[in-house]
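S.K.: Residue numbers for the sequence shown follow the numbering used here, beginning at 89 and rising by one.
The beta-carbon is built from N, C-alpha and C at its ideal position, and this holds for glycine as well.
All figures in this text were calculated on a predicted structure; none of them were measured in a lab.
Please read through the structure below; I'll follow up with questions.
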Amino acid sequence: MSARVTRRTATRCAGTRCAGTLLVVGALLLTGCTGNVRPPVVTRTADATPVPRPAPEQTRVPLWTPDATEVRAQAVRQLALRWADGSEVVPEVIDDDDIVDAVAGEHFTPIPEAFPRSVWPLGVTADGTAIVRDDELLAGQGNEEALGFFEIGSEGPVRRFDQSAVEPYSEHEMTSGMSAISVAGQGAAWAETFWTGDGEAKGWRVLAADQRGIVSVVADAREDWSKIHDRAPEGDEVNWTDPAPAVVDDRVFFQIALAGVGSPSVIVSRSLSGGDTRVEGEGAGMPVATAEGVFVTQQTDTGSWIVALGGERVLQLPQAAENAMTLDGAVGSWLLLSSQKVVVAVQPEERRAIAVAREPAQHPEGWWAEPASGGPRFATWPDAGMTDRGSVYLVLDPEAGTAWRLPDRLWGVMFDSVDILGWSEAASAAPSMTYVRWTG
89 MSARVTRRTA TRCAGTRCAG TLLVVGALLL TGCTGNVRPP VVTRTADATP VPRPAPEQTR
149 VPLWTPDATE VRAQAVRQLA LRWADGSEVV PEVIDDDDIV DAVAGEHFTP IPEAFPRSVW
209 PLGVTADGTA IVRDDELLAG QGNEEALGFF EIGSEGPVRR FDQSAVEPYS EHEMTSGMSA
269 ISVAGQGAAW AETFWTGDGE AKGWRVLAAD QRGIVSVVAD AREDWSKIHD RAPEGDEVNW
329 TDPAPAVVDD RVFFQIALAG VGSPSVIVSR SLSGGDTRVE GEGAGMPVAT AEGVFVTQQT
389 DTGSWIVALG GERVLQLPQA AENAMTLDGA VGSWLLLSSQ KVVVAVQPEE RRAIAVAREP
449 AQHPEGWWAE PASGGPRFAT WPDAGMTDRG SVYLVLDPEA GTAWRLPDRL WGVMFDSVDI
509 LGWSEAASAA PSMTYVRWTG
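Encoded structure:
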């Protein structure tokens with residue numbers, strides 16, 4: 089199953105306001121102000137019948153601001169998510185009052201010695217062994233990542249991956265970046281991307297490690313991808329692709345951007361050891377693997393759809409921009425989607441959905457809510473905007489239909505296995521991680 093570190097916000101102006109002193113009203117009338125809801129000014133002589141002053145309710149509009157609970161409820165009512173047959177997705181709603189404040193000792197137990205300070209967990213295999221990056225091993229050759237296996241709660245050492253068969257990507261000095269690791273069973277896959285010192289994209293490759301920790305190259309940007317698709321990009325165009333690999337059983341699924349108009353990527357799969365190339369379909373964005381299949385987003389003339397690779401349409405996404413949703417990942421057999429207002433977990437086979445509205449808050453212009461991230465059991469996301477004091481994070485168990493609010497403000501929830509969470513506390517004087525075993 090995959091675990092990803094996560095990587096994922098709106099103004100209005102309408103109407104004319106006419107207010108101020110009598111002098112201002114007069115000036116506005118002289119200039120032809122329209123849209124004034126006040127009664128017109130009546131010019132009359134001294135013996136004319138007085139015109140009664142309008143009652144307050146005729147001229148005043150009461151100001152009312154819905155509370156947070158009502159705003160969350162509105163967001164769920166306006167979800168506009170539909171099943172493939174066109175029927176509305178009616179989710180089970182976790183209201184604000186239903187979100188449980190997580191308490192140490194009751195909902196989770198801290199693991200003080202889960203990992204040494206230099207070790208950063210990236211995923212967990214089927215037998216509970218963590219795949220980690222060890223900062224003390226970063227003096228490797230070339231672009232080799234300091235990855236390996238680690239027994240949670242032990243003193244180590246890290247059993248380093250064997251990357252002897254992986255050649256450096258280039259002899260030229262470049263910067264490399266590593267994607268989130270996807271783990272399934274005992275295998276794992278990830279992507280490396282490369283840039284020159286001035287930020288020019290120079291390529292990518294997909295790597296995989298088997299249960300022994302032996303690393304091989306599954307795919308490389310320098311291959312001739314026209315052999316697998318007639319609209320595959322050529323030259324520098326292919327370098328800008330983020331492969332976003334996902335492991336399912338013994339295969340790695342990844343995307344390659346297509347040239348021209350239409351679906352922006354083709355989804356390709358290969359065995360963990362490379363070779364055996366299959367074209368699985370076309371889609372937009374990363375492939376998402378659940379316990380029941382691999383899903384992608386497709387853009388068509390009839391809107392945006394969540395589609396099972398090799399299968400049928402599952403969900404129709406909202407078409408209105410204010411309700412736009414993205415496919416963020418998976419939690420077990422649940423698909424995980426989010427918008428700027430709500431996070432939804434969907435079980436396609438059972439046609440179930442769980443919805444949690446985000447906390448309504450005022451955000452600066454250009455702010456964008458981060459997407460949710462999923463693991464084998466949980467989903468997690470920042471409930472409100474990130475500030476210089478961190479953010480409040482929620483944890484959702486869709487099978488149980490329960491959501492918790494994590495204590496304190498956090499910089500992020502960076503690790504999610506079957507029952508272990510890790511987070512970085514914003515109040516900490518130095519960057520540090522807290523790991524807990526979730527008991528719910």
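Could you check the C-alpha separation between Trp278 and Ser479 for me, to the nearest Å?
M.R.: Taking the straight line joining both Cα atoms gives about 28 Å.
S.K.: Between Ala253 and Pro406, is the Cβ-Cβ spacing less than 8 Å?
M.R.: Going by C-beta atoms, Ala253 is not nearer than 8 Å to Pro406.
S.K.: For Leu397, which beta-bridge partners are listed by DSSP?
M.R.: In the DSSP output, where bridge partners are listed per residue, Leu397 has none listed.
S.K.: When the Cα of Pro204 is compared with those of Ala377, Glu194, Glu224, Thr281, which residue comes out closest?
M.R.: Closest option to Pro204, Cα to Cα, is Glu224.
S.K.: Grab me the residues of Val191's own chain with a C-beta within less than 8 Å of its C-beta, minus the 5 sequence neighbours each way, in chain order.
M.R.: For Val191, where only same-chain residues beyond five positions count, the Cβ hits under 8 Å are Pro495.
S.K.: Leaving out the 5 sequence neighbours to the left and right, which residues in its chain are closer than 6 Å to Val212 when beta-carbon positions are compared?
M.R.: Only Ala218, Ser505 meet the Cβ criterion.
S.K.: Around the Cβ of Gln162, are there at least 16 other Cβ atoms within 10 angstroms (buried) or fewer (exposed)?
M.R.: By the 10 Å Cβ count, Gln162 comes out exposed.
S.K.: Return the chain-ordered list of same chain residues with a C-beta closer than 8 Å to the C-beta of Gly301, the five sequence neighbours on each side being excluded.
M.R.: Around Gly301: Gly236, Phe237, Arg247, Arg248, Phe249, Asp250.
S.K.: Would you mind sorting Gly323 into buried or exposed? The rule is 16 or more other CB atoms within 10 Å of its CB.
M.R.: Label assigned to Gly323: exposed.
S.K.: Could you give the C-beta distance for Val340 and Ala296, rounded to a whole number, given that I count them as a contact under 8 Å?
M.R.: So it is a contact: roughly 6 Å between Cβ atoms.
S.K.: If you compare alpha carbons, which of Pro375, Pro256, Ala320 is closest to Ala347?
M.R.: Looking at the Cα atoms, Ala320 is the closest of the given residues.
S.K.: Roughly how many angstroms separate the alpha carbons of Trp328 and Gly463, rounded to a whole number?
M.R.: Roughly 27 Å separates the two Cα atoms.
S.K.: Nearest by alpha-carbon distance to Val336: which of Pro256, Glu311, Ala418, Val271 is it?
M.R.: It is Val271.
S.K.: With a CB to CB cut of under 8 Å and the five nearest residues on each side skipped, what residues in its chain are close to Thr414?
M.R.: Around Thr414: Arg96, Gly373, Thr385, Leu425, Ser426, Ser427, Pro459.
S.K.: Rounded to whole angstroms, what is the Cα-Cα separation between Ile344 and Pro256?
M.R.: Distance between the alpha carbons of Ile344 and Pro256: 22 Å.
S.K.: Terminal residues of the continuous beta strand (DSSP E) containing Leu295?
M.R.: First-last of the beta strand (DSSP E) with Leu295: 289–297.
S.K.: Hey, out of Pro245, Lys290, Ala276, whose CA is closest to Thr263's CA?
M.R.: The option with the nearest alpha carbon to Thr263 is Lys290.
S.K.: To the nearest whole angstrom, what separates the beta carbons of Ala172 and Leu403, a pair I think is in contact under 8 Å?
M.R.: Right, the Cβ-Cβ distance comes to about 7 Å (below 8 Å), so this counts as a contact.
S.K.: Pick helix, strand or coil for Val164, following the three-state DSSP scheme.
M.R.: Three-state result, Val164: helix.
S.K.: For a minimum of 3 consecutive residues, which ranges assigned as the beta strand (DSSP E) are wholly contained in the stretch 460–504?
M.R.: The qualifying runs are 467–470, 481–485, 490–493, 498–504.
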